[in-house]
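Participant: My structure is below; once you've seen it, I'll send some questions.
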Ligand code: SF4
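So, in structure tokens, the structure goes:
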């Protein structure tokens, strides 16, 4: 069969981080490898980097099946492309998966969708393709975990089960390799994604990551991870685990094996401030083998938020982790949440704190109750936007507590522009056309909704 793998764009405005942060479509590349082994022909379309339109690619490739994967804020695009593929060819099998499907499968159960896959088990896809049109399909599908499917006009939702990441084989990176000018992470060009674990062992309340894979953490044999890194052609590696800096012994083995193999690459990974603050020797060693960015959810500068978010770190650890990153020359990308209870002074205090602590790389997100999380129940009476495209952390989807929506946005824009200007002074984004980027940011806020 011919299978088209689709990763929709994140936004249709210009403020979509194109050329700045582009994420390799690793789940689609895993599926590509699995499909190839089964004798299927696959092609990939990544809306983030493509100039071609999805509809044109669907027309030209004429797939027997399309597989779409994305986040909640991509829901409109996922459904638009699914509907187009089905309209173009009613026999085309339409499957939607990804993070959004794991949390909110019901939102994707539309007449033009055949299956929703709500786990990381991509091996279910060739099984579905094999049985889809057989007369045994109703029974076989009924017994298949992880899927939602239509039967006699109704949707059936089977339970999702845990997937062991060690079952995965190497991804097919031919699309990534064919786009050497894409998939940058800021100043690191063409950074290849490597996943060593699914889910996260922590339980921060605002975070959907720890709900993936039925909430169970699973990780790969670290020696196999190092083998994979050695095979990758790119010099930059983005380890996309929700929290790579977790197990001290595992990281020490990783460092030893990277050295043993003589691998010289630059690395990006997520880590927590408590781990960084309490593992100076490991930070030093990671810096030495090429760790360039630590992406760290500092989240807040207010003591009261730490417990509220169930962050299980401390403000002291936040400060110490910054100090150690500065000491060993690892760039910290510090991520903060702009809480819905923010007052004007909280925006100003945050900017001052960032300046005082000489943080160069900063990302701020408007607090967004993730669709499908138990936490979102608390906010259900305050929702002001039903458009999934607004769940991108750049938009208010809930009414703020202490400011009007207008006043909150004013404080937010002011903070963003101050951070942009600070980053420009710090030379962080010298590779960007700054003036047009700020203009695009403002335009993006008022972008036409999909
Ligand atoms: S540590 Fe990070 S990935 Fe894990 S639950 Fe907390 S915010 Fe999410």
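Numbering (the working numbering), first residue to last: 512 to 961.
Each residue gets a CB set at the ideal place from its N, CA and C atoms; glycine is no exception.
1) If residue 539 sits next to residue 518, beta carbons under 8 Å apart, how far is it from one beta carbon to the other, in whole angstroms?
2) Just how far apart, CA to CA, sit residue 533 and residue 520?
3) Short of 6 Å in beta carbon distance, which residues of its chain neighbour residue 720, apart from the five on each side in sequence? Order them along the chain.
4) Can residue 696 be considered in contact with the ligand SF4, in the sense that its beta carbon sits closer than 7 Å to one or more heavy atoms?
5) On the DSSP bridge assignment, give the partners of residue 875 in chain order.
6) Tell whether a beta-carbon distance below 8 Å holds between residue 553 and residue 546.
7) Here's the rule I'm using: 16 or more other beta-carbon atoms within 10 Å means buried, otherwise exposed. How should residue 645 be labelled?
8) I need the boundaries of the alpha helix (DSSP H) containing residue 822, first residue and last residue.
9) Pick from 662, 725 and 647: whose alpha carbon is nearest that of residue 675?
10) Quick one: is the Cβ of residue 903 within less than 7 Å of any heavy atom of the ligand SF4?
11) Per DSSP, what are the beta-bridge partners of residue 808 in this structure?
12) What residues are listed by DSSP as bridge partners for residue 608?
13) Please return the same chain residues whose Cβ sits closer than 8 Å to the Cβ of residue 502, not counting the five positions on each side in sequence.
14) Tell me which residue opens and which closes the beta strand (DSSP E) that residue 922 is part of.
15) Please tell me whether residue 625 and residue 661 are closer than 8 Å, where the distance is taken between their beta carbons.
16) Quickly, what does DSSP pair residue 660 with across the bridge? List them, please.
17) Within 7 Å: the Cβ of residue 714 and any heavy atom of the ligand SF4?
18) Hey, residue 835 and residue 791 are a contact pair by Cβ (cut 8 Å); roughly how many whole angstroms apart?
19) Taking only runs of the alpha helix (DSSP H) that begin and end inside the stretch 705 to 780, which ones reach a length of at least 4 residues, in chain order?
20) Give the secondary structure of residue 518 by DSSP, where H, G and I count as helix, E and B as strand, and everything else as coil.
21) Going by the CB atoms, is the gap between residue 642 and residue 702 shorter than 8 Å?
22) Based on Cα-Cα distance, which residue from 665, 663, 664 and 638 lies nearest to residue 654?
23) Assign residue 744 to one of two classes, buried (16 or more other C-beta atoms within 10 Å of its C-beta) or exposed (fewer than that).
24) Go to residue 555, then tell me how far its beta strand (DSSP E) extends in each direction, as first and last residue.
25) Alpha carbon to alpha carbon, how far is residue 758 from residue 765?
26) Tell me whether the stretch 558 to 568 and the stretch 586 to 600 touch, counting them as touching only if at least three CB pairs, one residue from each stretch, are closer than 8 Å.
27) Suppose the cutoff is 7 Å on Cβ atoms and the five residues either side in sequence are ignored; what does the same chain contact list for residue 970 look like?
28) Counting beta carbon pairs with one atom in the stretch 920 to 933 and one in the stretch 599 to 613, are three or more of them shorter than 8 Å?
29) If you measure between the beta carbons of residue 514 and residue 578, is that distance less than 8 Å?
30) Given that a residue counts as buried once 16 or more other Cβ atoms are within 10 Å of its Cβ, and exposed if not, what is residue 918?
31) Counting only the same chain and skipping the five closest in sequence on each side, list residues whose C-beta sits under 7 Å from that of residue 961.
32) Less than 7 Å between the CB of residue 730 and some heavy atom of the ligand SF4, yes or no?
33) Can you tell me whether residue 769 is buried or exposed, with buried defined as 16 or more other CB within 10 angstroms of its CB?
34) Would you kindly work out how many angstroms separate the C-alpha atoms of residue 916 and residue 890, rounded to a whole number?
35) Using alpha carbons as the reference points, say which of 903, 826 and 668 lies closest to residue 787.
36) If you count every other CB in all the chains shown that lies within 10 Å of the CB of residue 535, and 16 or more means buried, which is it?
Facilitator: On the basis of the data shown:
1) By one-based count along the chain shown, residue 539 stands at place 28. By one-based count along the chain shown, residue 518 stands at place 7. About 6 Å separates the two Cβ atoms, so the contact holds.
2) Within the chain shown, the letter at position 22 stands for residue 533. Within the chain shown, the letter at position 9 stands for residue 520. Cα to Cα, the separation comes out at about 10 Å.
3) The residue given as residue 720 occupies position 209 in the chain shown. So the list reads 711 and 753, once near-sequence residues are dropped.
4) Along the chain shown, one-based indexing puts residue 696 at 185. False, no ligand heavy atom lies under 7 Å from that Cβ.
5) Position 364 of the chain shown holds residue 875. 847, per the DSSP bridge assignment.
6) Residue 553 sits at position 42 when you count from the first residue of the chain shown. Residue 546 sits at position 35 when you count from the first residue of the chain shown. A contact, by the Cβ cut-off of 8 Å.
7) Taking the chain shown and counting its residues from 1, the one referred to as residue 645 is at position 134. Result: exposed.
8) For the purposes of this step, residue 822 is taken as the residue at position 311 of the chain shown. Residue 822 -> no alpha helix (DSSP H), and no H or E assigned at all.
9) Stepping through the chain shown from its first residue, residue 675 is reached at position 164. Of the candidates 662, 725 and 647, the one whose C-alpha sits nearest the C-alpha of residue 675 is 725.
10) Your numbering for residue 903 matches position 392 in the chain shown. Not under cutoff, so the answer is no.
11) Position 297 of the chain shown, counted from the first residue, corresponds to residue 808. Note: residue 808 sits in a beta bridge opposite 846.
12) Taking the first residue of the chain shown as position 1, residue 608 is located at position 97. Answer is 580.
13) A question about residue 502 goes unanswered here, because the residues of the chain that appear run from 512 up to 961.
14) Residue mapping note: residue 922 aligns to position 411 of the chain shown, counting from 1. Here residue 922 belongs to no beta strand (DSSP E); instead the alpha helix (DSSP H) covers 916 to 936.
15) Residue mapping note: residue 625 aligns to position 114 of the chain shown, counting from 1. Residue mapping note: residue 661 aligns to position 150 of the chain shown, counting from 1. Yes, the pair counts as a contact, with Cβ atoms nearer than the cut-off.
16) The count along the chain shown starts at 1 and reaches residue 660 at position 149. 626 and 667.
17) The count along the chain shown starts at 1 and reaches residue 714 at position 203. Yes, since a heavy atom of the ligand SF4 falls inside the 7 Å radius drawn around the Cβ of residue 714.
18) The sequence position of residue 835 within the chain shown is 324, counting from 1. The sequence position of residue 791 within the chain shown is 280, counting from 1. The pair is a contact, with the Cβ atoms about 6 Å apart (cut-off 8 Å).
19) 733 to 742 and 759 to 771
20) Within the chain shown, numbered from 1, the residue matching residue 518 stands at position 7. Of the three classes helix, strand and coil, the one that applies to residue 518 here is strand, per DSSP.
21) Your numbering for residue 702 matches position 191 in the chain shown. Your numbering for residue 642 matches position 131 in the chain shown. For residue 702 and residue 642, no; Cβs fall outside 8 Å.
22) In the chain shown, residue 654 corresponds to position 143, counting from 1. Here the closest residue by C-alpha is 638.
23) Residue numbering aside, residue 744 sits at position 233 when the chain shown is read from its first letter. So residue 744 counts as exposed.
24) Here residue 555 corresponds to residue number 44 of the chain shown, with the count starting at 1. From DSSP, the beta strand (DSSP E) with residue 555 extends over 552 to 557.
25) By one-based count along the chain shown, residue 758 stands at place 247. By one-based count along the chain shown, residue 765 stands at place 254. Residue 758 and residue 765: Cα-Cα distance of roughly 11 Å.
26) yes
27) Examination of residue 970 is not possible in this model, given that the chain is present from 512 through 961 alone.
28) no
29) Working through the chain shown from its first residue, we reach residue 514 at position 3. Working through the chain shown from its first residue, we reach residue 578 at position 67. Contact: yes.
30) Position 407 of the chain shown, counted from the first residue, corresponds to residue 918. Residue 918 is exposed by the Cβ-count criterion.
31) Looking up residue 961 in the chain shown gives position 450. Low per-residue confidence applies at residue 961: pLDDT is 46, beneath 50, and the placement is therefore not dependable, though the value from the model is reported in the following sentence. Taken in chain order, the residues that qualify are 523, 587, 588 and 900.
32) Within the chain shown, residue 730 is the residue found at index 219, counting from 1. Flag unset: Cβ of residue 730 not near the ligand SF4.
33) Indexing the chain shown from 1 puts residue 769 at position 258. Flag for residue 769 reads buried.
34) Taking the first residue of the chain shown as position 1, residue 916 is located at position 405. Taking the first residue of the chain shown as position 1, residue 890 is located at position 379. Going by the C-alpha atoms only, they are around 15 Å apart.
35) Walking along the chain shown from the start, residue 787 turns up at place 276. Here the closest residue by C-alpha is 826.
36) Start at 1 with the first residue of the chain shown, and residue 535 comes out as number 24. Answer is buried; the Cβ neighbour count reaches 16.
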